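Numbering (our numbering), first residue to last: 72 to 261. Below: the structure, in structure tokens.
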């Protein structure tokens with residue numbers, strides 16, 4: 072009986088070693104790079120629950136950046152770097168103010184050891200001031216947005232990519248009392 076058990080353990084061990092040697096390398100799943108589109112998750116939030124006609128408000132464009140990656144900030148330190156850029160495609164009845172980009176963090180990486188780079192990591196919040204001009208249709212309005220960025224890990228950069236997404240705002244009649252948005256209020260604290 073002990074011989075059978077020992078023989079079984081020997082065969083099971085040999086099979087395990089064979090599977091490890093013949094299968095995919097252990098680090099293959101860990102070293103595979105994601106598609107650049109999967110590194111940043113953009114979302115947009117309005118500063119007001121409903122925007123009265125003729126009123127100025129803000130969109131907070133929140134970029135959630137995948138762990139282990141960064142994207143170049145809007146203000147790059149070298150002209151060859153791809154800056155993060157927000158491009159709104161405003162529907163009739165809206166006008167944009169100057170886009171307010173956050174300051175980046177200067178860091179050195181394996182591929183830029185001689186010079187720091189200005190980057191966003193984890194979360195970056197871009198502010199887009201908008202004015203409803205008094206003639207947008209009442210109710211829910213979609214504001215198309217594009218974000219262009221280049222994502223890099225500690226040692227590798229992915230190709231630049233542009234993501235399409237949208238903000239949804241509710242336009243109310245002129246004279247409606249503006250109420251600050253309760254959801255995501257943390258993005259609008261001064």
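Glycine included, C-beta positions come from ideal geometry on N, C-alpha and C. Values in this document were obtained by computation on a predicted structure and should not be read as measured data.
Remark: C-beta atoms of residue 259 and residue 133 do not approach each other more closely than 8 Å. Segment contact: the stretch 240-256 against the stretch 114-133, three or more CB-CB distances shorter than 8 Å; contact assigned.
A direct Cα-to-Cα measurement between residue 204 and residue 226 gives close to 47 Å. Nearest to residue 156 by C-alpha distance, out of 237, 216, 188 and 229, is 216. By the 16-neighbour rule on beta-carbons within 10 angstroms, residue 182 is exposed. Residue 235 sits in a strand when the DSSP states are folded into three classes. Contact between residue 210 and residue 190 is ruled out by a C-beta separation of about 39 Å, above the 8 Å threshold.
Closest option to residue 163, judged by alpha-carbon separation, among 149, 208, 186 and 194: 208.
Spanning the alpha carbons of residue 147 and residue 192 requires a straight line of approximately 14 Å. Cβ neighbours of residue 199 within its own chain (closer than 7 Å, five residues either side excluded): 129, 130, 132, 157, 159, 167 and 170. Of the residues assessed, residue 175 falls on the buried side of the cut-off, its CB having 16 or more other CB atoms within 10 angstroms. A Cβ-Cβ separation of about 4 Å places residue 229 in contact with residue 107 under the 8 Å criterion.
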